[in-house]
Structure formats: structure tokens, C-alpha cells
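Read through the structure below, which is laid out as C-alpha cells, and then see the notes.
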Amino acid sequence: MRMICTRAIAAAVLSAAALGGAFAQDVPAGYPANYADLVKQAKSEGKLVIYTSTDGAQAKGLLDAFAAKYPGIAIEYNDLGTNGVYNRVISEAAANQTGADIIWSSAMDLQMALATDGYTDTYVTAETKSLPSWATYKDTLFATTVEPIGIIYNTKALPDGVPKTRPELIKWLGDNKDKLKGKVATFDPEKSGSGFLHHTNDARQRKDFWDLAKAFGADAGRTYSSTGAMKETVVSGENLLAFNAIGSYAFLWIKESPNLGLAFGDDYTAAFSRVAAIAKGAPHPAAAKLFIDFMLSKPGQEALAAAGLPSVRTDVEKGFNLTTLNQRVGGNLKPIALDEGLLFYMQPQNRVEFFKQWKASLSGS
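Numbering (mature numbering (1 follows the signal peptide of the UniProt record, and there is no 0)), first residue to last: -24 to -1, 1 to 341.
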């Protein structure tokens, strides 16, 4: 289990709150006239509990900005990993001991499962008007980022880069087995919630996903539980490339490592989102609503984008927004939509069939 970083984050947030106490608490433009009542109620609750898969360092700017705007609300930030978030929400609900106010996870499929199974609450936020239609689900789930999925590669070993279309990549993997044998990486969908999402989305959207999986298996490809682990092996040369890697992380890494390159498909670049929801029976519901609004607002989105998590809005000027990100990846960004299609591979029979086909592809059978 990943570390729960409540104390460190709380200290940073309290510091920011002290600095932000002098700021006026105006109702944001376009919000309901009685929004000040919600703010007052949230401050009366005095606390916000977040269950998340996002590293505390990446969220610090967002939390600091929220605390500066709304001092007096203590934040407990629990980084549990994707599976940890999902399992804890379910187990606490079963015991009638809901602990989370906000559920924030990059496992879009698990978030959809929580929503459709009744573990989340609805909230009509004024910020919906600034989001694309695919970024919300029934006023229950909200995409807070849009993060491209790409290929990282070793620039010394592959100075000419990697193929830019899926058919070319599949052919290239087959034509260069001697050079690539045992040196191609991707996520392990059995160990990584992100990997499962990326691969199953590919399988739903692309008929040639299984051709790619077979080419990967024929090259004796290796699987890893995180993009960070893949990055280390690519930089060292242990692996020459890794596909379906998280591009938002790689944007930062390529600035730090001259050995690392980043490529996106000219024909198709999928993108996932970190999805936020209010927990059903949240102990601090007003604070949860306030946080959802702030996450999706321009200031909240700017804080996330400044931390390397591209904004789902188009009007953010710090870091990447939806428009500039699409331009950066070549104009073929295909965000994963927040809809019930995410549940297809959550069904036991479909899940079993996916892993059966995945293992067969890797073994060459």
C-alpha cells in the first residue's frame, strides 16, 4: 500500500491557510446567490477528507490554493493508490462508516463502477459549463485532468525515434525483433489499475490492439506496475521503449533526462482523466461541494496544470490546457469519455476474457 501522507499535506495546507486568511471570501462569478451559505456551512464543518491515487506533491498546489481561498477547512489527504481507494470506499460503506468526502482517482473505470453502484453522490456545479461534454457523468463524476498516453524511448539507442502510427509501430516491432527482443515495455494490466484502463480502452477503441499485444509478446516484452518503473529502465537502456505510458509525467522527465524521448501517435493519442466524486454519505458534504467547485474552476485547474497535470478546460494559461495539449500531441487527442462504456471490462466474464487473450498474446499462442 502506498503511504498515507496526511500529516505532511496537512502541515502544508495549514501554512497556506494562515497566509490566505486575509483574502476576501467573495462568491465566484456565475455561482448561485446563496453560495455564501455553502461556504459558511463548509467552514462550520471545518474538515475535508480526500481519498486519492494522486501523489501529494502533485496535489500540493491545488490544496494550498484551496486553503488560501477557504481558510479554516483542514484537509486530510490520503494517497491510497487506485485499488486502495476503491476497496476502502466499498469496505467503509459496508460498515456504515464512510470516511471520505472526496474520491479522486485515475482509475476511471473503478470510479464509474462506484458511481453506478451507488457509492457517490450527485452535485450540480456551476463549473460544468466550462467542461467538455465527455468530462462529466450525470452530475456525479467529474474529469479534473486530461493526460495523454504515449511512448517513451531511449534517444541514444533509437536516435531516429519511433513509428508515429499504430500500424507502423506493429510492423516495426515485428521487423526489428533482434534489436528489440526483451527490450520493449508496457503496463502490467493485472498489477496496475492505470495499465488495465489504458489497455482495455485500447481494446475497445482499436481493432489492432491485439495485433500490438501479439507483436509485444513476440518481442518478449516486459510488463511493469508504473510508468515511473518503465522510465527508469528506458533511461538506463535496459528497455528501449515503453508504450501506453503516462505522457503527463513524461513531459517533465524529458526535460531532466537527455536519454529520454516522448512520442505520440499521429493517428491516435488516447488520454485519461483523474476523476473526482463526492462520496455518498460524506461526513463533510458542504466542504466536498466546495472542493469540487474549486477543482474544476479556473484557479483550481491552473494549480493542477502548473503541477504537470493538464487541464480539462480550454481557458487555463499555466501548463497545458485541453486545446494546447491537443496541439502538442499532433491534433489527434482522444480523451476517454466518462460513460458506462468504461464498465465493459469490469464485467467478470469480459475481464476474464481480456486477461485470457492478453496472456495468449504474450505467450505467442
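Idealized CB from N, CA, C, for every residue including glycine. For clarity, every value in this text was computed on a predicted model and none was experimentally measured.
Considering only their Cβ atoms, is the gap separating residue j from residue i smaller than 7 Å?
i	j	result
A281	V292	yes
T245	L309	yes
A179	S337	no
N235	N63	no
T98	T116	yes
H260	E21	yes
F219	T162	yes
K16	G48	no
D195	I146	no
On a Cα-Cα basis, can you pick out the residue from the options that is closest to residue i?
i	options	result
L149	T203, S20, G193, Q325	G193
L24	I78, T74, T58	I78
K132	N215, Y225, Q181, E278	N215
N59	L38, A83, L145	A83
S249	P124, L90, I26	P124
W229	L217, K207, L38	K207
E103	L266, E316, F330	L266
A264	A50, D315, D93, F172	A50
P4	D269, T30, A91, L238	D269
M271	G6, N326, L39, N297	L39
State the DSSP-derived secondary structure class of residue i, mapped to helix, strand or coil.
i	result
D97	strand
Y7	coil
N59	helix
E68	helix
V15	helix
A41	helix
N130	strand
A76	coil
T245	strand
Y113	strand
A336	helix
G22	coil
Measure the alpha-carbon distance for residue i versus residue j and round it to whole angstroms.
i	j	result
T176	L107	25 Å
V328	T74	31 Å
T300	S224	13 Å
L319	W110	15 Å
K159	Y200	12 Å
P165	A12	45 Å
K294	P286	9 Å
A(-1)	G37	Bear in mind that the predicted position of A(-1) carries a pLDDT of just 39, short of 50, making it unreliable; the figure below should be weighed with that in mind. Straight-line Cα distance between these residues: approximately 20 Å.
A43	K274	16 Å
N54	I26	6 Å
W80	V65	11 Å
Subject >> Unbroken stretches of the beta strand (DSSP E), 3 residues or longer, contained in the stretch 184 to 229 >> reply: Segments of the beta strand (DSSP E) lying fully in the stretch 184 to 229: 198 to 200, 217 to 222.
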